[in-house]
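Trainee: Take this note's numbering: the final residue in the sequence shown is number 331, and no numbers are missing along the way.
Just so it is clear, CB atoms sit at the ideal spot from N, CA and C, and this is done for glycine as well.
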Amino acid sequence: MAALESELILVEWNPQSDRPLVLDQMKEFASDYVTVRGYVVPAKYHDRYRGSSEGGLHIDAPNVGLRRARGQFLLPKASDTFLSKALVETLAAQTLNENGIYRSDRFDVELDMNDYDPLDDEAFLTHLEGLEGHRCGRLQQPEHWQIRDLHTNACGDFTLMSRQLWHRVRGYPADRTTLSLDLDSLLLHLAAACGGEEICLPEACRVIKPVHSRLHSLRTSQVWKPWQRKLDHYLERKYGHLWAHRARMLLNYPRRQVRHIPSVLGPSAERNLAWPASRWARGAKPRLTQDEMWGLAKEPLNERILCRARWDTEAKAAA
Numbered sequence: 013m014a015a016l017e018s019e020l021i022l023v024e025w026n027p028q029s030d031r032p033l034v035l036d037q038m039k040e041f042a043s044d045y046v047t048v049r050g051y052v053v054p055a056k057y058h059d060r061y062r063g064s065s066e067g068g069l070h071i072d073a074p075n076v077g078l079r080r081a082r083g084q085f086l087l088p089k090a091s092d093t094f095l096s097k098a099l100v101e102t103l104a105a106q107t108l109n110e111n112g113i114y115r116s117d118r119f120d121v122e123l124d125m126n127d128y129d130p131l132d133d134e135a136f137l138t139h140l141e142g143l144e145g146h147r148c149g150r151l152q153q154p155e156h157w158q159i160r161d162l163h164t165n166a167c168g169d170f171t172l173m174s175r176q177l178w179h180r181v182r183g184y185p186a187d188r189t190t191l192s193l194d195l196d197s198l199l200l201h202l203a204a205a206c207g208g209e210e211i212c213l214p215e216a217c218r219v220i221k222p223v224h225s226r227l228h229s230l231r232t233s234q235v236w237k238p239w240q241r242k243l244d245h246y247l248e249r250k251y252g253h254l255w256a257h258r259a260r261m262l263l264n265y266p267r268r269q270v271r272h273i274p275s276v277l278g279p280s281a282e283r284n285l286a287w288p289a290s291r292w293a294r295g296a297k298p299r300l301t302q303d304e305m306w307g308l309a310k311e312p313l314n315e316r317i318l319c320r321a322r323w324d325t326e327a328k329a330a331a
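1) Tell me M38's beta-bridge partners as DSSP assigns them.
2) Please report the distance separating the alpha-carbon of R147 from that of K221.
3) Let me know if A203 comes out buried or exposed under the rule of 16 or more other beta-carbons within 10 Å of its beta-carbon.
4) The alpha helix (DSSP H) that contains F170, what's its start and end?
5) Could you check whether A293 and Q84 sit closer than 9 angstroms to each other, using their CB atoms as the reference points?
6) Report all residues from its chain with a CB closer than 7 angstroms to the CB of D44; omit the five preceding and five following residues, and keep chain order.
7) Should the segment 113 to 123 be called in touch with the segment 199 to 219, which here means at least 3 C-beta pairs below 8 angstroms?
8) Whose CA, out of S174, A309 and T189, lies closest to the CA of L277?
9) So which of W178, R260 and L193 has the shortest CA-CA distance to E110?
10) Mind checking M305: buried by the 16 CB within 10 Å criterion, or exposed?
11) For A73 and chain D, any beta-carbon pair shorter than 9 angstroms?
12) State the CB to CB distance for the pair W255 and L247, rounded to an integer number of angstroms; the pair is presumed to be in contact (CB under 8 angstroms).
13) Quick one: what does DSSP say R268 is sitting in, helix, strand or coil?
14) Using alpha carbons as the reference points, say which of W236, L199 and Y51 lies closest to L285.
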């Protein structure tokens, strides 16, 4: 057991009125080390974004938890990922740098959860770590993008930073849609531009993710118009990658579409990610897109306490 004093914050975003709350179905339990808190974010906060009627999980969902977290280091986490034992032990060692942007590789594995119901947590994690999988390792950034060489591949599944640094960048950047395109990668470049230093953890410190059809990369496709392809091919042949890239940034193509949210056409990666990241790499000061009340800081959200750890109980009594 790592025995790491910590808290887990569950954010129930945009709950459906015809279904019971997940938090209501969870029983209170006891733990010496982990406090578990939950927040319910009503549909009205989700409904103000383009594409809300078709689904999607807005980036304000993790921002709600990040803003209310009390730990020294904060890690947004999806419900479909598992941290390896080596990764948990590294966190428990409490030797992290407050200015670090910690990254860990994701391993995608084939898994039928129904086959493993009889296993306890320890046996299940041991089995997961023994599976062969696809490693989402570091990718070479396109040279003509002229951005920092950061490990953005699958960074949405593990980006650990100090609470101080999360507050410095004001959480994930804003998005007026429910697409959340590039925001995890944009966050890395923003944090680096604000003084953070990327630190990549060893291979054993991995995030394990069962493969399923909802992976973001499998749901996103490019949308080209004929004139855009003609212009792109002409610039590539005549002037090379750099000029074609500049046209994509300036004219914002190819736009992108996310399956299940067809009404919203998202920006190109060149406009959305490469443009600001390249400016920051040249020394431009970032303009934060979230205001000081990021993460719905002043909204009266319903909080649930499912478990209060010993350290938390003692701190509350001392206060």
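Mentor: Working from what's here:
1) In the sequence shown, counting from the first residue as 1, residue 38 sits at position 26. M38 pairs with nothing; no bridge assigned.
2) By one-based count along the sequence shown, residue 147 stands at place 135. By one-based count along the sequence shown, residue 221 stands at place 209. Going from the Cα of R147 to the Cα of K221 covers about 10 angstroms.
3) Your numbering for residue 203 matches position 191 in the sequence shown. By the neighbour-count rule (16 or more Cβ atoms within 10 Å), A203 is buried.
4) Here residue 170 is taken as the residue at index 158 of the sequence shown, counted from 1. Segment: none, F170 is in no alpha helix (DSSP H) and carries neither H nor E.
5) Position 72 of the sequence shown, counted from the first residue, corresponds to residue 84. Position 281 of the sequence shown, counted from the first residue, corresponds to residue 293. Not a contact, by the Cβ cut-off of 9 angstroms.
6) The sequence position of residue 44 within the sequence shown is 32, counting from 1. Counting only Cβ-Cβ distances below 7 angstroms, and skipping sequence neighbours, we find A321 and R322.
7) yes
8) Within the sequence shown, numbered from 1, the residue matching residue 277 stands at position 265. Here the closest residue by C-alpha is T189.
9) Residue mapping note: residue 110 aligns to position 98 of the sequence shown, counting from 1. Per the Cα distances, W178.
10) For the purposes of this step, residue 305 is taken as residue 293 along the sequence shown, with counting starting at 1. Classification for M305: exposed.
11) Reference to chain D is not applicable here, since this structure consists of a single protein chain.
12) Looking up residue 255 in the sequence shown gives position 243. Looking up residue 247 in the sequence shown gives position 235. The Cβ separation is near 5 angstroms, so the contact holds.
13) One-based indexing of the sequence shown puts residue 268 at position 256. Three-state DSSP puts R268 in a strand.
14) Working through the sequence shown from its first residue, we reach residue 285 at position 273. Checking every option, the nearest Cα to that of L285 belongs to L199.
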